[in-house]
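Protein chains in written order, with my numbering: chain A, 4 to 338; chain B, 4 to 338.
Structure record follows, encoded as structure tokens.
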DNA sequence: TTGGCTATGTAAAGCGCTTTACCAACGATA
DNA sequence: TATCGTTGGTAAAGCGCTTTACATAGCCAA
């Protein structure tokens, strides 16, 4: 690899001149420019980003810390983040942490310490304060999708409550009165809000939420299946289930099938997320669509404006949408 | 951020001593070690990786260049690569290129130029020679999943031919004689090999491959649907379709449905990849499973051994597996 | 003729680290 | 006593770039 100095020597000017020329910090006469350009071409020079970063302290790169890149939701988010960042001339380094606290901390350290200008953080855990401590006071972080308590950086979320409200309304309008909710980890922002939207819709329709019909555990297929078994084993099972993620919904489908029942004939189901597979499952899943692309883009835009010294909104809520497919039907009349 | 020199000053030693101590290049008496450790703790020192990289020329990081991180196949691959790399103390930078040649080239440049020790490259395009040129002679690259013609770096592939051979055998054993194949881009390694396995199975069973029953286009859902329409609009349509990817298979399902037919009653279908959604669709898709985790891990291991100066096998083939689900049935008897 | 301006640069320091010398002090050895 | 090896370090250069401060040459106005 050729260096700046070699180019300068070849062109018969000083390294300073070449550097400033390349960074548009000097006006040179055509002849000099031509000599430099020729030298660059001849030596196939490309600047060493590491050196530049060390020198300037800027990297023109951002990091995306994500719990699990194999999860389509985060993968799509990552794709959107990349798209938007590239459009602004930024590189993106994606890391996935497996959802482990120490991995998250390491990732943030590694990223934030030295080689990126900013950080977009998504998590799906309840923080014990260590993340909050790490992120406190940083001016180059934005939180995406899920909150970290006690952190004051700009945040981009969807309107979780509105989503579950609409999902619940939809079930109620289809005639359901006995509706259960299966959600992710207790105390996670999205879970609390989705539960709140559910409660509001139920309340407005003067329906009671039965104790034991709100099951909070994990955003996983397995939990969805397990919770479904609990629900269906009860004396009087619900006629509809609101799953707080499509993964959970898949588990519900499995659980319902294992109980010898069918969706939507016996049990109606609404999911949340509208992951790519939601339209492909049997039956196609009615679910709440999150605007994944918009979330990623907005997070990048807010981060870049932060880096520019501006102050983006502390919290942005993106609208969700009810995607009606075929997993909801009127309740089965038993008598 | 504290620097090495500040730590040294605090501990009353030279920066050299601290650096060598941290890199295990010197043996210091306990007292000195304690002073340095105390200084590090007090100043919350963490080394600046950028500076270290610039100085040593090593980064303890590898890059994964992938066409589309939102594609579950590549996302799972990425997750496996990360897992294995982290286990060896390496960081991974993931970039997705959108499958555009120039983006791939830029990514390789950016990555390879300055900030990673090695590169794992996956692509899903047919190279026009530019990638090959860029990668030629490099000793720190491994190719994963798909080939680039003319490149001599170590490669990790699955046994594509064996996969489609088994898929085709399965269809034949179920009684099918009229089998069509829908594949990805002509001239892609995987496509050629999958076609070869198909041909071999057909030949062994003395079945002819009808002209017009091998459709090569793209590894996309849309192409799968379009190709299916072509197939089903013909006077005498096939009774089974071998889709060379699960994405294509999803498109086939859609196409079949749009024709008012059903799988597997009217048309049998086998996919390829066993993406997460394959088990979730209606009907659950019989497909060829690729050992995604093993692929990612092996690619990392080969890359690291390359970096260590060893010579991994030029080409490794990983075994595939037929996952029998419910998209294949004996052919519908028409007469 | 002088002073000052503009155009066209350059020298040198510094980013934070590693590494290659080198060195001083001390005890052991010949 | 001279030498040697070991222990416990240090000084300084260098990785490739940016940036601040300064320099020179030419030209114009006063």
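For every residue, glycine included, the Cβ atom is placed at its ideal position computed from N, Cα and C.
One or two residues paired with residue i in a DSSP bridge
i, result
"residue 60 of chain B", "DSSP lists no partner for residue 60 of chain B."
"residue 291 of chain B", "B:275, B:325"
"residue 69 of chain B", "B:99"
"residue 94 of chain A", "A:64"
"residue 198 of chain A", "According to DSSP, which records beta bridges pairwise, residue 198 of chain A is partnered with nothing at all."
"residue 185 of chain A", "A:218, A:246"
"residue 80 of chain A", "DSSP, once it has assigned bridges, lists no residue as partnering residue 80 of chain A."
"residue 171 of chain B", "Paired residue(s): none; residue 171 of chain B is not in a bridge."
"residue 319 of chain A", "A:159"
"residue 284 of chain B", "A:284"
Contacts that residue i makes with chain B (C-beta to C-beta distance below 8 Å)
i, result
"residue 118 of chain A", "52, 53, 118"
"residue 253 of chain A", "283"
"residue 280 of chain A", "279, 280, 283, 284"
"residue 301 of chain A", "Residues of chain B passing the Cβ test: none, with the nearest at roughly 17 Å."
"residue 347 of chain A", "Given that chain A is displayed from residue 4 to residue 338, the structure contains no residue 347 of chain A and the question cannot be resolved."
"residue 49 of chain A", "112, 116"
Neighbour list for residue i in chain A, Cβ cutoff strictly below 8 Å
i, result
"residue 85 of chain B", "72, 98, 99"
Range covered by the alpha helix (DSSP H) that runs through residue i
i, result
"residue 298 of chain B", "295 to 310"
"residue 19 of chain B", "18 to 25"
"residue 137 of chain A", "133 to 138"
"residue 145 of chain B", "Counting along the chain, residue 145 of chain B falls outside any alpha helix (DSSP H), though it belongs to the beta strand (DSSP E) covering 144 to 147."
"residue 9 of chain A", "7 to 14"
"residue 105 of chain A", "104 to 113"
Residue i to residue j span [Cα, whole Å]
i, j, result
"residue 253 of chain B", "residue 283 of chain A", "8 Å"
"residue 224 of chain B", "residue 225 of chain A", "28 Å"
"residue 59 of chain B", "residue 53 of chain A", "11 Å"
"residue 178 of chain B", "residue 209 of chain B", "13 Å"
"residue 51 of chain A", "residue 6 of chain A", "8 Å"
"residue 91 of chain B", "residue 147 of chain A", "29 Å"
"residue 280 of chain A", "residue 229 of chain A", "21 Å"
"residue 319 of chain A", "residue 37 of chain B", "48 Å"
"residue 41 of chain B", "residue 16 of chain B", "13 Å"
"residue 127 of chain B", "residue 69 of chain B", "9 Å"
"residue 338 of chain B", "residue 181 of chain B", "Note that residue 338 of chain B scores 44 on pLDDT, short of 50, meaning its location in the model is unreliable; the coordinates nonetheless yield the value given after this. Going by the C-alpha atoms only, they are around 15 Å apart."
"residue 245 of chain A", "residue 141 of chain A", "37 Å"
"residue 334 of chain A", "residue 186 of chain B", "43 Å"
"residue 88 of chain A", "residue 143 of chain A", "15 Å"
"residue 132 of chain B", "residue 103 of chain B", "14 Å"
"residue 112 of chain A", "residue 321 of chain A", "29 Å"
"residue 14 of chain A", "residue 20 of chain A", "10 Å"
"residue 325 of chain A", "residue 241 of chain A", "21 Å"
"residue 158 of chain A", "residue 62 of chain B", "32 Å"
"residue 312 of chain A", "residue 315 of chain B", "49 Å"
"residue 12 of chain B", "residue 46 of chain B", "11 Å"
"residue 236 of chain A", "residue 188 of chain A", "22 Å"
"residue 43 of chain B", "residue 305 of chain A", "34 Å"
Beta strand (DSSP E) segment containing residue i, residue limits
i, result
"residue 275 of chain B", "271 to 276"
"residue 158 of chain B", "158 to 161"
"residue 121 of chain A", "121 to 124"
"residue 44 of chain B", "No beta strand (DSSP E) holds residue 44 of chain B; the alpha helix (DSSP H) holding it covers 33 to 46."
"residue 234 of chain A", "Unbroken run through residue 234 of chain A is the alpha helix (DSSP H), 224 to 236; no beta strand (DSSP E)."
Residues that residue i contacts on chain A, provided the C-beta gap is smaller than 7 Å
i, result
"residue 307 of chain B", "Within 7 Å Cβ-Cβ: nothing; residue 307 of chain B doesn't reach chain A, min ~18 Å."
"residue 79 of chain B", "73"
Chain-ordered neighbours of residue i on chain B, where CB pairs are closer than 7 Å
i, result
"residue 94 of chain A", "113"
"residue 57 of chain A", "53, 54, 57"
Touch test, the segment 273 to 280 of chain A against the segment 81 to 101 of chain A, Cβ-Cβ under 8 Å, three pairs minimum: In short, these stretches do not touch, since the Cβ pair count stays below three.
Sufficient close CB pairs (3 or more, under 8 Å) joining the segment 25 to 32 of chain A to the segment 75 to 83 of chain A: Short answer: they don't touch.
The segment 138 to 156 of chain A contacting the segment 183 to 202 of chain A, beta-carbon criterion three pairs below 8 Å: Contact between the segment 138 to 156 of chain A and the segment 183 to 202 of chain A is present, because at least three Cβ pairs lie under 8 Å.
At least three beta-carbon pairs within less than 8 Å, the segment 131 to 147 of chain A to the segment 286 to 305 of chain A: Taking a cut-off of 8 Å on C-beta distances, the segment 131 to 147 of chain A touches the segment 286 to 305 of chain A, as three or more cross pairs fall below it.
Touch test, the segment 284 to 292 of chain B against the segment 326 to 337 of chain B, Cβ-Cβ under 8 Å, three pairs minimum: At 8 Å Cβ cutoff, the stretches touch.
contact_flag[the segment 256 to 264 of chain B, the segment 259 to 274 of chain A] where n(CB pairs < 8 Å) is 3 or more: Because the criterion of three Cβ pairs below 8 Å is not met, the segment 256 to 264 of chain B and the segment 259 to 274 of chain A do not touch.
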